[in-house]
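Each remark here refers to the structure printed beneath this line.
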Amino acid sequence: MRYRRIPNETIRRLPVYLRGVIHLSREGIENVSSNELAGLLGINPWQIRKDFSYFGDFGTPGVGYDIGGLIKQINRILHLDIGHKAALVGVGNLGSALLAFPGFRMYGFEVAAAFDVDKRKIGRKKTGVLIEDVADLHHLDRRGISLGIIAVPASASQDIADALVEAGIKGILNFSPRYITVPKKVKVITIDIAMDLARLPYYVP
Ligand code: NAI
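Numbering follows the numbering used here, in which position 177 of the sequence shown is assigned residue number 841; successive positions increment by one, without gaps.
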């Protein structure tokens with residue numbers, strides 16, 4: 665099934681909806697109204713109805729949205745229904761925490777490979793994942809790995825981004841506090857907790 669072009673803002677909210685409906689499904693709930701979902705997620709009900717209308721209005725008046733159907737649809741739109749393997753580069757404080765984080769599995773992600781430059785770490789396992797020499801970071805596409813996670817110091821992040829692209833990676837989650845450039849075909853999402861924290865005092869009297 666083809667979908668109309670979905671705005672980026674809606675795409676940004678889809679994982680929030682997904683997390684909410686997975687939670688409800690685990691509680692054994694089968695249907696949810698936009699009002700109930702709004703209360704659970706802190707999002708306006710009209711916003712939820714508008715977002716869901718992009719992929720077909722399958723809510724039933726008086727019954728609400730079928731949770732199993734929602735999970736399937738959102739997974740399909742986000743391409744999460746096929747499962748994705750990611751390679752982590754930089755197994756320091758942050759990288760180790762990411763490897764130990766069980767929350768990626770909810771979305772079908774597996775951190776299937778880890779790389780570092782530190783000879784003391786190479787050859788060891790962290791949370792069951794072997795740490796490989798970053799010099800051997802090639803042909804990740806042949807290993808079924810399509811995503812990269814950068815958790816190296818800022819000074820190394822562009823080189824690592826280049827190596828990931830060269831190895832066939834299609835999307836990068838960048839934790840390093842540096843803008844990285846990649847070819848157009850590769851999508852980069854940068855996460856910076858410190859930057860979010862820097863916005864917070866503005867709202868605090
Ligand atoms: P860390 O120093 O504990 O770990 C960095 C790791 O990268 C080390 O294991 C090091 O050996 C490895 N490394 C260095 N150069 C490398 C290279 N060329 N190739 C492969 N591995 C290499 O640092 P930490 O605290 O884990 O932070 C890592 C990065 O994440 C930094 O850029 C930091 O600023 C950023 N960070 C971002 C956060 C965010 O909210 N986005 C939060 C915390 C850290």
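Where is the CB? At the ideal position from N, CA and C, for every residue including glycine. From a predicted model like this one, the values you see are computed outputs, not experimental measurements.
- By DSSP's assignment, ALA751 forms a beta bridge with ALA777, GLY812.
- Nearest to ILE735 by C-alpha distance, out of LEU762, VAL755, ILE853, VAL696, is VAL696.
- Ranked by Cα distance from GLN822, the options SER840, ASP805, GLY835, ALA831 are led by SER840.
- Between ALA818 and ARG842, the C-beta gap is smaller than 7 Å, which places the two residues in contact.
- Cβ-Cβ separation between ILE738 and TYR681: approximately 6 Å, consistent with a contact (criterion under 8 Å).
- Per the C-alpha coordinates, the member of ALA761, PHE768, ALA764 positioned closest to ARG683 is PHE768.
- For GLU700, the uninterrupted alpha helix (DSSP H) run begins and ends at 698-705, by DSSP.
- The beta carbon of ILE853 sits closer than 6 Å to those of LEU837, all from its chain and outside the five residues before and after it, given in chain order.
- ASN699 has its Cβ no nearer than 6 Å to any heavy atom of the ligand NAI.
- Classified as exposed, ALA858 has fewer than 16 neighbouring CB atoms from the shown chains inside 10 Å of its CB.
- Here LYS785 is buried. Its C-beta has 16 or more other C-beta atoms within 10 Å.
- If you check the CB distance, LEU801 and ALA825 do not come in under 7 Å.
- Within its own chain, the residues whose Cβ lies closer than 8 Å to the Cβ of ILE814, once the five positions on either side in sequence are excluded, are VAL753, GLY754, SER821, ILE824, ALA825, LEU828, ILE836, LEU837, ASN838, PHE839, SER840, ILE844, listed in chain order.
- Judged by DSSP in its simplified three-state form, ASN695 adopts strand.
- Listed as beta-bridge partners of GLY835 by DSSP are LEU811, LYS851.
- Just measuring C-alpha positions, the residue of ASP730, LEU864, ARG807, PRO679 sitting nearest LEU705 is PRO679.
- VAL793 sits in a strand when the DSSP states are folded into three classes.
- Here ALA778 is buried. Its C-beta has 16 or more other C-beta atoms within 10 Å.
- For ASN739, the enclosing alpha helix (DSSP H) starts and ends at 731-741.
- Comparing C-alpha distances from VAL816 to each of LYS749, LYS834, ASP782, PRO671 shows the shortest one belongs to ASP782.
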